[in-house]
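Below is one structure, written out as structure tokens; the observations come after it.
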Amino acid sequence: MTEETVVYHRPRLLTDKPMHYCPGCSHSAINKILADTIADMGREDSVIGVSPVGCAVLIYDYINIDWVEAAHGRAPAVATAISRLRRDRLVFTYQGDGDLSAIGISEAVHAATRGENITIIFVNNALYGMTGGQMAPTTPIDMKTVTCPKGRDAATHGHPLDMLALLASLPGVCFATRENVLSPTSVRRAARSLRTAFENTLERRGTSVIEFMAACPTNWKMSPIDAVVHLTNRLKTLKTGRIK
């Protein structure tokens with residue numbers, strides 16, 4: 000009998016509860032990276048996540064750590080309070096583009112300007128996923144959504160918001176990077192960036208921001224494979240990796 004060697008295992012912080020994310024959605028892979036990184040750093044007993052309103056609203060069911068559910072868009076404000084009151088805790092927010100760049104833009108900008116010691120995880124799928132695929136501040140020019148069925152037009156709808164560039168320009172931000180989970184290489188790089196952000200937070204260097212460019216096959220009206228191809232092509236026009 001040959002001895003078996005385990006080369007891959009389920010992240011121990013992921014619960015057994017089935018995830019509600021759509022097939023091909025990037026949230027599931029990002030959740031795994033998050034669970035792995037927290038476990039690898041040995042921080043599961045001293046980390047507090049602030050969960051959003053949006054597609055990841057139930058993330059507290061999937062990763063077995065302490066969570067606080069914030070009102071829509073208020074995660075950076077809630078994380079600020081936790082970080083200031085519990086300086087021994089690693090505090091992060093997990094937010095979509097509607098939660099962060101629309102209703103929550105004020106909280107994000109002011110927390111980053113102050114340099115609050117939190118990590119902001121920003122999952123950007125370029126529309127409002129949970130509510131049916133409406134145009135978001137991050138929707139690219141010409142991208143079709145249910146509220147701009149002919150595609151986003153700058154003259155009518157305005158230009159898309161580059162939230163990462165905006166936050167990276169603020170003095171309180173010590174680290175900002177744009178990542179994705181489309182390949183094994185990008186997953187490994189994203190995990191390294193997440194660990195760097197968490198280390199910055201633990202060392203109280205200021206605000207760290209990680210933007211994950213995410214696929215949303217359901218609302219993009221694509222198969223999961225076509226969504227990966229579409230996002231890969233879009234990434235060619237964006238600066239990826241560390242911004243600040």
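So for the sequence shown, numbering that gives the first Met the number 0 puts the first residue at 0; every next one is plus one. Don't be surprised by glycine CBs; every beta carbon is placed ideally from N, CA and C.
Status (buried if at least 16 other CB within 10 Å, exposed otherwise) for residue i
{"i": "residue 148", "result": "exposed"}
{"i": "residue 17", "result": "exposed"}
{"i": "residue 14", "result": "exposed"}
{"i": "residue 105", "result": "exposed"}
{"i": "residue 86", "result": "exposed"}
{"i": "residue 26", "result": "buried"}
{"i": "residue 124", "result": "buried"}
{"i": "residue 232", "result": "exposed"}
{"i": "residue 120", "result": "buried"}
{"i": "residue 70", "result": "exposed"}
{"i": "residue 3", "result": "exposed"}
{"i": "residue 224", "result": "exposed"}
DSSP state of residue i mapped onto helix, strand, coil
{"i": "residue 127", "result": "strand"}
{"i": "residue 233", "result": "helix"}
{"i": "residue 27", "result": "helix"}
{"i": "residue 6", "result": "coil"}
{"i": "residue 33", "result": "helix"}
{"i": "residue 65", "result": "strand"}
{"i": "residue 49", "result": "strand"}
C-beta contact flag for residue i and residue j at 7 Å
{"i": "residue 263", "j": "residue 207", "result": "The chain is shown only over 0 to 243; residue 263 falls outside these bounds and no answer can be derived."}
{"i": "residue 150", "j": "residue 218", "result": "no"}
{"i": "residue 72", "j": "residue 102", "result": "yes"}
{"i": "residue 209", "j": "residue 190", "result": "no"}
{"i": "residue 23", "j": "residue 216", "result": "yes"}
{"i": "residue 98", "j": "residue 53", "result": "yes"}
Residue from the options with nearest C-alpha to residue i
{"i": "residue 168", "options": "74, 108 and 91", "result": "108"}
{"i": "residue 30", "options": "240, 224, 205 and 193", "result": "193"}
{"i": "residue 110", "options": "58, 77 and 190", "result": "77"}
{"i": "residue 80", "options": "154, 209 and 116", "result": "116"}
{"i": "residue 213", "options": "238, 159 and 122", "result": "122"}
{"i": "residue 51", "options": "44, 45 and 59", "result": "59"}
{"i": "residue 200", "options": "9, 92 and 62", "result": "92"}
{"i": "residue 82", "options": "223, 222 and 203", "result": "203"}
{"i": "residue 140", "options": "130, 126, 158 and 186", "result": "158"}
{"i": "residue 20", "options": "42, 34, 5 and 57", "result": "57"}
{"i": "residue 156", "options": "165, 34, 234 and 146", "result": "146"}
{"i": "residue 112", "options": "205, 66 and 41", "result": "205"}
Heavy atom of the ligand COA within 6 Å of residue i beta-carbon
{"i": "residue 28", "result": "No copy of the ligand COA appears in this structure; indeed no ligand is present at all."}
Unbroken stretches of the beta strand (DSSP E), 3 residues or longer, contained in the region 73-147
89-95 and 118-123, all fully within the region 73-147.
Could I get the ranges of all uninterrupted beta strand (DSSP E) runs contained in the region 145-226, with 3 residues as the minimum, in chain order?
Every beta strand (DSSP E) stretch that sits fully inside the region 145-226 and reaches 3 residues is listed by chain position as 172-178 and 206-212.
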